[in-house]
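**Student:**
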Amino acid sequence: MKGKKKILLIGIAGGLAQMTARLILTENPDWEILGVDSRDVSRAPQLKGLTAMEIKYSRGNFENLFRTHDFDVVYHLGRISHSTNSDNVLAKRIDLSVMGTNRILELCERSGVNKVVILSTFHVYGAYPDNSIFLKEDAPLRASVKHPELRDVVEMDQICTSWMWKNQNNISTVVLRPCNIVGTLIQNSMTKFLAGPIALRPIDYNPVFQFIHEFDMAQILYKAMEHLPTGTYNVAGDEYISLREALDVVGTRGVPFPMILGKSLNNLVRKINIDVPNYLIDYLKFSCLISNDEMKKHLGQQFMRFSIKEALELVKLR
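According to my numbering, numbering within the sequence shown proceeds without interruption in unit steps and concludes at 592.
(1) Out of curiosity, what's the CA-to-CA distance linking Leu-502 and Asp-412?
(2) On the CB-based measure, 16 or more other CB atoms within 10 Å of its CB, does Glu-301 come out buried or exposed?
(3) With Met-464 as the anchor, note down where its alpha helix (DSSP H) starts and where it stops.
(4) Just mark Ile-477 as buried or exposed, buried being the case when its beta carbon has 16 or more other beta carbons within 10 Å.
(5) If you pair each beta-carbon of the stretch 463 to 481 with each one of the stretch 402 to 416, do three or more pairs fall below 8 Å?
(6) Could you tell me if Asn-362 is buried or exposed, where buried requires 16 or more neighbouring beta carbons within 10 angstroms of its beta carbon?
(7) What do you reckon, are the CB atoms on Ile-564 and Phe-340 nearer than 7 Å?
(8) With a Cβ-Cβ cutoff of 7 Å, do Ala-326 and Ile-286 count as a contact?
(9) Do the CB positions of Lys-322 and Trp-305 come within less than 7 Å of each other?
(10) Buried or exposed: Ile-298, going by 16 or more other Cβ atoms within 10 Å of its Cβ?
(11) When DSSP labels each residue in this structure, what does Pro-638 get in the three-state scheme?
(12) Would you mind reading off the limits of the alpha helix (DSSP H) that contains Thr-294?
(13) Are there 16 or more other CB atoms within 10 angstroms of the CB of Asn-618, so buried, or fewer, so exposed?
(14) Alpha carbons only, please: which of Glu-328, Pro-422 and Ile-433 is nearest the one belonging to Arg-377?
(15) Check this for me: beta carbons of Val-509 and Leu-586, under 7 Å apart or not?
(16) Less than 7 Å between the C-beta atoms of Val-428 and Ser-394, yes or no?
(17) Let me check one thing: in DSSP terms, what residues is Leu-308 bridge-paired to?
(18) In three-state DSSP terms, what is Phe-485?
(19) Assuming contact is defined by CB atoms lying nearer than 7 Å, are Thr-458 and Thr-506 in contact in what I supplied?
(20) Between Thr-447 and the rest of its own chain, which residues show a CB-CB distance below 6 Å, the 5 nearest in sequence each way excluded?
(21) At a cut of 8 Å, does the stretch 533 to 542 reach the stretch 552 to 563 through at least three beta carbon pairs?
(22) Measure the CB-CB distance between Ile-515 and Glu-488 and report whether it falls below 7 Å.
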């Protein structure tokens, strides 16, 4: 993608979005990024070429953005955390993830945007005992069957993939489903779980996990602009690690418990502000590993800088 570009980056208050913006502008200092978020953007980095704006995610505000700017690329990285599951937060997530995404995609189509990059998650597959060893991108999205709080991400993913193929001749669209992203700048549920003072550690299960460092994820988001054609891509390395070994690498004390007490114990630790989403309990029981074959076709065999243990060791720096 040659020449000067104007980019809309939705979710600029997040650490991953900020890393991506910094990377893009380091490589392309003459490009312009408009970063927007419904959250406070005062901590967005002061970078030449980056303008951060706090807006309400509404149809009118997005229409104004697309009316006054000629965007070449749109990054949709704005998802509300699932670490809190009150009815109010769930309603906000559904409005942003489902209704908000529909508005954004419609405006991209009308405005002649060349590339759209959307961040989904491997959690859309769900953790089930009958999962394949390495789930491919065409595996069914079953997460919301057991956990309604994941309905927004599943519906958002389905909306995006359907729209992507419908408009593939007009707009290049990439949907990314990364494994667990960990790092010092992001505030997702898994990083909080690993870096917290204590972590639930089942004595009767020891599932395996995939992790990707936030820097590698930012690199992939950047490379998606030029190197990934229209499609859905799982994002993970070749390695995986057991839960117990991962906690040992990070150095987090585990709370041994039988899985039958998992949800009850989770409700108890929430009272001391250790908030683990209920859906994560299933991932402490059943593995959910994703295939990276499609990603390798376009980014090569070695597309990540950090090994899985290096990524986990860096979590200690939080």
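Note that CB positions come from ideal geometry on N, CA and C, so glycine has one too.
Owing to the predicted nature of the structure, the values given are computational and were not obtained by experimental measurement.
**Tutor:** This is what the structure gives:
(1) Reading the sequence shown from its first residue, position 228 is the one you call residue 502. Reading the sequence shown from its first residue, position 138 is the one you call residue 412. Approximately 17 Å between the Cα atoms of the pair.
(2) Against the sequence shown, residue 301 aligns to sequence position 27. Flag for Glu-301 reads exposed.
(3) Walking along the sequence shown from the start, residue 464 turns up at place 190. Residues 463 to 469.
(4) Residue numbering aside, residue 477 sits at position 203 when the sequence shown is read from its first letter. Its Cβ having fewer than 16 others within 10 Å, Ile-477 is exposed.
(5) no
(6) Looking up residue 362 in the sequence shown gives position 88. Residue confidence for Asn-362 is low, a pLDDT of 49 falling below 50, so the modelled location carries little weight and cannot support an answer.
(7) Reading the sequence shown from its first residue, position 290 is the one you call residue 564. Reading the sequence shown from its first residue, position 66 is the one you call residue 340. The answer is no: Cβ separation not under 7 Å.
(8) The count along the sequence shown starts at 1 and reaches residue 326 at position 52. The count along the sequence shown starts at 1 and reaches residue 286 at position 12. Yes. Within cutoff.
(9) Position 48 of the sequence shown holds residue 322. Position 31 of the sequence shown holds residue 305. Cβ atoms of Lys-322 and Trp-305: not closer than 7 Å.
(10) Within the sequence shown, the letter at position 24 stands for residue 298. Buried: at least 16 other Cβ atoms inside 10 Å.
(11) The structure shown does not extend to residue 638, since the chain is modelled only from 275 through 592, so no value can be given for it.
(12) Here the question's residue 294 lines up with position 20 in the sequence shown. 289 to 301 is the extent of the alpha helix (DSSP H) around Thr-294.
(13) For residue 618 there is no data in the structure shown, the boundaries of the chain being 275 and 592.
(14) Taking the first residue of the sequence shown as position 1, residue 377 is located at position 103. Comparing Cα-Cα distances from Arg-377 to each of Glu-328, Pro-422 and Ile-433, the minimum goes to Ile-433.
(15) Counting from one through the sequence shown, the residue named residue 509 turns up at place 235. Counting from one through the sequence shown, the residue named residue 586 turns up at place 312. No. Outside cutoff.
(16) Position 154 of the sequence shown, counted from the start, is the residue given in the question as residue 428. Position 120 of the sequence shown, counted from the start, is the residue given in the question as residue 394. In this structure, Ser-394 does not lie closer than 7 Å to Val-428 by Cβ.
(17) As a first step, residue 308 is located in the sequence shown; it is residue number 34 there, counting from the start. Leu-282 and Thr-325.
(18) What you label residue 485 is simply residue 211 of the sequence shown in a count that begins at 1. Three-state result, Phe-485: strand.
(19) Position 184 of the sequence shown, counting from 1, holds the residue named residue 458. Position 232 of the sequence shown, counting from 1, holds the residue named residue 506. Not in contact: Thr-458 and Thr-506 (Cβ atoms no closer than 7 Å).
(20) Translated into positions along the sequence shown, residue 447 becomes position 173. Around Thr-447: Val-390, Met-438 and Thr-504.
(21) yes
(22) Position 241 of the sequence shown holds residue 515. Position 214 of the sequence shown holds residue 488. No, the Cβ-Cβ distance between Ile-515 and Glu-488 is not below 7 Å.
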